[in-house]
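Some notes on the structure that comes next.
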Amino acid sequence: WNARPYRSRHNLTTSPVRHIVVLEPKPSNLITNQQDCIREIKGFQDYHMGEPRNWDDIAYNFMLCNDNDDQQQIYIGRGWTYAGAHCKGYNERSLVKVTLEL
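The sequence shown runs -10 to 91 under the working numbering.
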């Protein structure tokens, strides 16, 4: 999805993780194709890395999107080994999956 470069990353402190956080935010725009989904994900990254948050990267480990003929595409944010910025107190010991619906 051609993500912006991250500023820094911190490893998860627990392996395997014991928690998976599932978020289902409402997309800001209608998602009907892959380009719409990528635009939405880039918007999340801009929001997380921009003022006033200034986080190191997009908060999420993985994003799923129904963007291709009823198939879900998986987009990697921070991936399997890096802590997210999604749930204070659980960032270093959980993964987060975001699902974007049509």
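Yeah, the Cβ is synthetic: ideal placement off N, Cα and C, and Gly gets one too. Only a predicted model underlies this, so the values are computations on that prediction, with no experimental measurement involved.
{"Item": "Bridge partners - CYS54, DSSP secondary structure assignment", "Value": "GLN62 and LEU89"}
{"Item": "Whole runs of the alpha helix (DSSP H) within the segment -9 to 39, excluding any shorter than 4 residues", "Value": "23 to 38"}
{"Item": "Sufficient close CB pairs (3 or more, under 8 Å) joining the segment 14 to 26 to the segment 42 to 56", "Value": "yes"}
{"Item": "Reference ALA94; option with closest CA among ALA74, ILE30 and THR70", "Value": "With the chain covering only -10 through 91, there is no way to say anything about residue 94."}
{"Item": "Same chain only: Cβ atoms within 6 Å of THR3, ignoring 5 sequence neighbours per side", "Value": "ARG82"}
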